[in-house]
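> Sharing a structure, written as structure tokens. Questions coming.
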Amino acid sequence: DAKTTQPTSMDCAEGRAANLPCNHSTISGNEYVYWYRQIHSQGPQYIIHGLKNNETNEMASLIITEDRKSSTLILPHATLRDTAVYYCIVPISNFGNEKLTFGTGTRLTIIP
Amino acid sequence: GAVVSQHPSWVICKSGTSVKIECRSLDFQATTMFWYRQFPKQSLMLMATSNEGSKATYEQGVEKDKFLINHASLTLSTLTVTSAHPEDSSFYICSVRGDPTDTQYFGPGTRLTVL
Numbered sequence: 011d012a013k014t015t016q017p018t019s020m021d022c023a024e025g026r027a028a029n030l031p032c033n034h035s036t037i038s039g040n041e042y043v044y045w046y047r048q049i050h051s052q053g054p055q056y057i058i059h060g061l062k063n064n065e066t067n068e069m070a071s072l073i074i075t076e077d078r079k080s081s082t083l084i085l086p087h088a089t090l091r092d093t094a095v096y097y098c099i100v101p102i103s104n105f106g107n108e109k110l111t112f113g114t115g116t117r118l119t120i121i122p
Numbered sequence: 201g202a203v204v205s206q207h208p209s210w211v212i213c214k215s216g217t218s219v220k221i222e223c224r225s226l227d228f229q230a231t232t233m234f235w236y237r238q239f240p241k242q243s244l245m246l247m248a249t250s251n252e253g254s255k256a257t258y259e260q261g262v263e264k265d266k267f268l269i270n271h272a273s274l275t276l277s278t279l280t281v282t283s284a285h286p287e288d289s290s291f292y293i294c295s296v297r298g299d300p301t302d303t304q305y306f307g308p309g310t311r312l313t314v315l
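Chains as they are written, first to last, in the numbering used here: chain A, 11 to 122; chain B, 201 to 315.
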């Protein structure tokens with residue numbers, strides 16, 4: 011079961027790209043990387059996930075290194091509403107049933 | 201993604217009473233639903249996993265007789281906190297999923313305060 015490591019906190023200026031790193035050096039070949047975020051006092055919001063190719067959707071881009079040991083979530087033009095705790099998760103698979111284990115995440119603060 | 205609702209969004213109850221929290225998947229057939237708990241300044245902790253029509257599977261350290269889970273349909277799961285005590289005060293969040301390897305989508309959470 012892969013674990014992830016993220017910086018505790020980051021700041022980013024409004025309008026700039028926010029780049030959030032995540033290390034998952036023990037990830038196995040068929041394990042996905044998921045990103046969620048939690049705005050204060052709300053349930054987590056799904057952002058994006060990927061296996062080995064870079065992914066992009068309306069919220070963010072996910073860049074996964076070729077060796078898959080790390081990834082970066084990119085919010086291209088950060089706004090104040092992007093202030094949240096961001097979680098990088100590699101689900102734990104138990105007999106094909108995947109469970110999410112939340113670490114401490116990265117607290118991203120967008121500065122006006 | 202799936203739209204998930206929880207009711208109530210917040211509840212205050214007296215110690216010793218039971219509280220039921222509903223989790224609904226509004227536009228999605230949720231084969232599996234999960235219940236999490238989050239204490240202040242802490243991360244989410246998985247409490248239990250429930251599959252429609254089956255008994256819930258509880259995580260280690262979570263009392264199944266205290267936290268009753270019912271997942272009677274593909275769109276509804278309930279969590280009942282029985283004989284609630286102040287230490288049960290927390291933010292309870294559900295999530296839903298279709299196939300075992302699908303994405304999980306979360307509800308907005310229910311804040312429980314036990315006096």
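Virtual Cβ for every residue (Gly too), placed ideally from N, Cα, C.
Give me the DSSP bridge partner(s) of H59 (chain A).
On the first sequence, residue 59 (chain A) is found 49 positions in, with the first residue counted as 1. According to DSSP, H59 (chain A) bridges with A:Y44.
> Closer than 9 Å, Cβ to any Cβ of chain B: which residues of the stretch 37-67 of chain A, in chain order?
Y42, Y44, Y46, Q48, S51, Q52, G53, P54, Q55, Y56 and H59
> Nearest-angstrom Cα distance between Q242 (chain B) and D77 (chain A)?
Taking the first residue of the second sequence as 1, we reach residue 242 (chain B) at position 42. Taking the first residue of the first sequence as 1, we reach residue 77 (chain A) at position 67. Cα to Cα, the separation comes out at about 31 Å.
> Counting Cβ pairs closer than 8 Å, one from the stretch 202-209 of chain B and one from the stretch 250-270 of chain B, do we hit at least three?
no
> Reducing DSSP to helix, strand and coil, say where R26 (chain A) ends up.
Residue numbering aside, residue 26 (chain A) sits at position 16 when the first sequence is read from its first letter. Coil.
> With 7 Å as the limit, tell me which residues of the stretch 76-103 of chain A have their beta carbon closer than that to any beta carbon of chain B; keep them in chain order.
Contact residues of the stretch 76-103 of chain A toward chain B are absent (C-beta to C-beta distance below 7 Å).
> Please classify L90 (chain A): does DSSP put it in a helix, a strand, or coil?
Within the first sequence, the letter at position 80 stands for residue 90 (chain A). Of the three classes helix, strand and coil, the one that applies to L90 (chain A) here is helix, per DSSP.
> What residues match up with N33 (chain A) in a beta bridge as DSSP calls it?
Indexing the first sequence from 1 puts residue 33 (chain A) at position 23. The partner list for N33 (chain A) (beta bridge, DSSP) reads A:T15 and A:S80.
> On the criterion of 16 or more Cβ atoms from any shown chain inside 10 Å, does I293 (chain B) qualify as buried, or is it exposed?
Taking the first residue of the second sequence as 1, we reach residue 293 (chain B) at position 93. Looking at its Cβ environment, which holds 16 or more other Cβ atoms inside 10 Å, I293 (chain B) is buried.
> How big is the Cα-Cα spacing for L30 (chain A) and K214 (chain B)?
Residue mapping note: residue 30 (chain A) aligns to position 20 of the first sequence, counting from 1. Residue mapping note: residue 214 (chain B) aligns to position 14 of the second sequence, counting from 1. Distance between the alpha carbons of L30 (chain A) and K214 (chain B) is about 42 Å.
> Please report the straight-line C-alpha distance between A27 (chain A) and P54 (chain A), rounded to a whole angstrom.
Along the first sequence, one-based indexing puts residue 27 (chain A) at 17. Along the first sequence, one-based indexing puts residue 54 (chain A) at 44. Each residue's alpha carbon lies about 21 Å from the other.
> Please decide whether I221 (chain B) counts as near chain A, where near means a Cβ-Cβ distance under 8 Å.
For the purposes of this step, residue 221 (chain B) is taken as the residue at position 21 of the second sequence. No, its Cβ sits nowhere closer than 8 Å to a Cβ of chain A.
> Opposite H271 (chain B) in the DSSP bridges: which residues?
Position 71 of the second sequence holds residue 271 (chain B). In the DSSP output, where bridge partners are listed per residue, H271 (chain B) has none listed.
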